[in-house]
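A.B. asks: Numbering (the working numbering), first residue to last: 209 to 826.
#1: Let's test the definition: count the other Cβ atoms within 10 Å of the Cβ of residue 745 and tell me whether it reaches 16, buried, or not, exposed.
#2: What does the Cβ neighbour count give for residue 589, buried or exposed, with the cut at 16 atoms within 10 Å?
#3: Spell out the partners DSSP gives residue 629 in its beta bridges.
#4: Between 821, 652, 422, which has its C-alpha nearest residue 774's C-alpha?
#5: With DSSP run on the structure shown, which of helix, strand or coil describes residue 513?
#6: Answer with yes or no whether the minimum CB distance from residue 253 to chain C is below 8 Å.
#7: If we call anything under 8 Å between Cβ atoms a contact, is residue 631 one with residue 806?
#8: What does the alpha-carbon distance come out to for the pair residue 603 and residue 387?
#9: DSSP puts residue 428 in a beta bridge; with which residues?
#10: By the three-class DSSP mapping on this structure, what secondary structure does residue 349 have?
#11: With a threshold of 16 other CB atoms inside 10 Å of the CB of residue 495, please say whether the residue is buried or exposed.
#12: I need the straight-line Cα distance from residue 639 to residue 357, nearest angstrom please.
#13: Just to confirm before moving on: does the CB-CB distance between residue 326 and residue 302 stay below 8 Å?
#14: Look at the alpha carbon of residue 792 and the alpha carbon of residue 397, and state the distance between them as a whole number of angstroms.
#15: Applying the 10 Å Cβ sphere with the 16-neighbour rule, what's the burial state of residue 627?
#16: Indicate the three-state DSSP secondary structure (helix, strand or coil) for residue 680 in the structure shown.
#17: Where does residue 341 land, buried or exposed, given buried means 16+ other C-beta within 10 angstroms?
#18: Run through DSSP, which three-state label would residue 567 get?
#19: Quick one, which of 698, 360, 414, 822 has its alpha-carbon nearest residue 587's?
#20: Suppose only complete runs of 4+ residues qualify. What are the alpha helix (DSSP H) ranges in the segment 715-789, listed by chain order?
#21: Is the segment 660-678 in contact with the segment 724-735, if contact means three or more CB pairs nearer than 8 Å?
#22: Using the three-state DSSP reduction, which class does residue 248 fall into: helix, strand or coil?
#23: By Cβ distance, which residues of its chain are closer than 6 Å to residue 253, with the 5 residues on each side in sequence left out?
#24: For residue 458 versus residue 379, is the C-beta spacing smaller than 8 Å?
#25: Quick one: what does DSSP say residue 491 is sitting in, helix, strand or coil?
#26: Quick one: grab the DSSP three-state call for residue 634.
#27: Any contact of the segment 253-270 with the segment 304-318, i.e. 3+ C-beta pairs under 8 Å?
#28: Kindly indicate which three-state DSSP category residue 644 falls into: helix, strand or coil?
#29: Out of 797, 521, 661, state which residue places its alpha-carbon closest to the alpha-carbon of residue 686.
#30: Less than 8 Å between the beta carbons of residue 279 and residue 271, yes or no?
#31: Closer than 7 Å to a non-hydrogen atom of the ligand MN - does that hold for the CB of residue 399?
#32: Would you mind reading off the limits of the alpha helix (DSSP H) that contains residue 617?
#33: First and last residue of the alpha helix (DSSP H) that includes residue 608?
#34: When we look at the beta-carbon of residue 530 and count the other beta-carbons within 10 Å, is it buried (16 or more) or exposed?
#35: According to DSSP, is residue 689 part of a helix, a strand, or is it coil?
#36: Can you name, in chain order, every residue of its own chain whose Cβ lies under 6 Å from the Cβ of residue 777, other than the five neighbours on each side?
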């Protein structure tokens, strides 16, 4: 993917510059000296950095996610033409790379970068074949919520020009939404529609984003509130006059009531008109035109493996059985008299397992999660050589996109550490946020999970810049799930057996995903069948289960990445421990896993194998 923070987007194409004559072109000799070989490696790294800069400069949103202010008043081109241009650019860069650089003369690290750049293009080319089979707007992703969130959380306003750029982007949202509706309409006409509930969510979210002041006389709209605060801060700092602030506020109001509202009005009109055509029963993509092939692609893309749906399904069934046995042991440890299903019910119904409803309970959750992360942060140097510079904050999801039982998530900070990473929690319904799950989620989203992995990747200096911004779900989510388990090795974590049960519940959750995702999209399961399997085999509450199943329905294959990635990292660690014996160093293992940015699992395995060989000969 192009920029790490755009997981909420259905499509994030950028128009890229046409490829010019190679800046580093030369004919590589058949044999090179050590010095000339290093020069060749250095030239490749310089080439990567130049191409990366071309890429990032053509995406205003990517620039903002990096904390940069070039093209600050713009939003990416989301048209199909831009997607085509992007792919053509990437293809041309691979062709240029292959004719310019001699692969055999590169170092192992530079070969890895070379293969990764080529792999990214190959995946993009394969995905392009299936682009008409994906959903554009759902409750899980879409520019309709991503863009306002970016303005609120990532568009810093330090100068008057920054605020003018903010206002420009508010207007640009309407254009961006229009481009995506232009893509969604013909897909719907061809029968590619998400289930009914996705329509309901998108319509509701969009209406919230054009309600409140200045659109009506109720409480301030989220963007209106944010924009006014940023203008007021400029006035207070003496950066602009009060009169200038009033003028800017008027311009912001005009932008909101103009192009911004028009974009949401069009989206609401389209989704409302097409809603009666949407499937009333939640079913997987197997029922869609090209559904089977599309799902096979999505499974391969999400896992970065060649595992079939049947293989993934069986891995899930086996892991569910194993985790149930470990849960039985904890149930017996706490002296519960009853079967595992009864223990699930007991945990779900225990009122002491939840914070109070409302803002007070939400803040208690945030405080407890922050305390858990503070504990683990102090001990990380014992297990990691590489540590993040960026800070970490725990925040409640903004009201306009908060969902009861919604999945927690992470937004990265900036590479220079000036903007912290944010662990976002949905806290509108505290009954969906049991205390015994608090630690494991915090470790997954925060430390040593996503915040650590993504921040370290962004801050790497010894690899080409493009590697610092890669995203592969099996690696990234696999690391997050591995972190949940590894955290148990750090003192002060999971002290309560119920919290340890929560850890197992989280792993079970991801194992169930393998079963349910493949069940929905490959075996013809309905939403109700998937919910029934999930409910029977896990302690998750009903709201969370329903939201989870609906997530899988609109994001085919994505949910399988977690467990497949975790299993691979655990397998690689076990291999390293076995082959290295007393030479095995957990800090070294973690640093090699994290030290090249996100990788497809095949390239990660190659990197770990090379490290093992290095340790054996040292």
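For every residue, glycine included, the Cβ atom is placed at its ideal position computed from N, Cα and C.
C.D. replies: For this structure:
#1: Residue environment for residue 745: buried (at least 16 other C-beta atoms within 10 angstroms of its C-beta).
#2: The residue in question, residue 589, is exposed, as its Cβ has fewer than 16 Cβ neighbours within 10 Å.
#3: In the DSSP output, where bridge partners are listed per residue, residue 629 has 600.
#4: Of the listed residues, the one whose Cα sits closest to residue 774 is 652.
#5: Of the three classes helix, strand and coil, the one that applies to residue 513 here is coil, per DSSP.
#6: Here chain C cannot be found, since the structure has a single protein chain.
#7: No; because the gap between Cβ atoms is not below 8 Å, this pair is not in contact.
#8: The alpha-carbon separation between residue 603 and residue 387 amounts to approximately 31 Å.
#9: Beta-bridge pairing links residue 428 to 421.
#10: In the three-state DSSP reduction, residue 349 falls in the coil class, being neither helix nor strand.
#11: Exposed, by the Cβ-count rule.
#12: A straight line joining the alpha-carbon of residue 639 with that of residue 357 spans about 25 Å.
#13: At a Cβ-Cβ threshold of 8 Å, residue 326 and residue 302 count as neighbours.
#14: Answer to the nearest angstrom: the Cα atoms are 57 Å apart.
#15: Buried, by the Cβ-count rule.
#16: Residue 680 falls in the coil class under three-state DSSP.
#17: With 16 or more other Cβ atoms within 10 Å, it is buried.
#18: DSSP, read as helix, strand or coil, puts residue 567 in helix.
#19: That would be 698, whose Cα lies nearest to the Cα of residue 587.
#20: Counting whole runs of 4 or more residues, the segment 715-789 contains the alpha helix (DSSP H) stretches 735-745, 750-762, 769-788.
#21: Verdict: no, contact absent.
#22: The answer is helix: DSSP assigns residue 248 an H, G or I state.
#23: When the five nearest sequence neighbours on each side are left out, the beta carbons in the same chain lying within less than 6 Å of the beta carbon of residue 253 are those of 672, in order along the chain.
#24: The answer is no: Cβ separation not under 8 Å.
#25: Per DSSP, reduced to three states, the secondary structure at residue 491 is strand.
#26: Here DSSP, grouped into helix, strand and coil, assigns residue 634 to coil.
#27: Taking 8 Å as the limit for Cβ pairs, the verdict is that the segment 304-318 does touch the segment 253-270.
#28: The answer is helix: DSSP assigns residue 644 an H, G or I state.
#29: Residue 686 has its Cα closest to that of 661, out of 797, 521, 661.
#30: A contact, by the Cβ cut-off of 8 Å.
#31: The model on display carries no ligand, and the ligand MN is accordingly not part of it.
#32: No alpha helix (DSSP H) contains residue 617, which is instead part of the beta strand (DSSP E) from 617-619.
#33: Where residue 608 is concerned, there is no enclosing alpha helix (DSSP H), given that its DSSP letter is neither H nor E.
#34: The residue is exposed, with fewer than 16 neighbouring Cβ atoms inside 10 Å.
#35: Here residue 689 carries a helix assignment [DSSP, helix/strand/coil].
#36: Hits under 6 Å: 686, 690.
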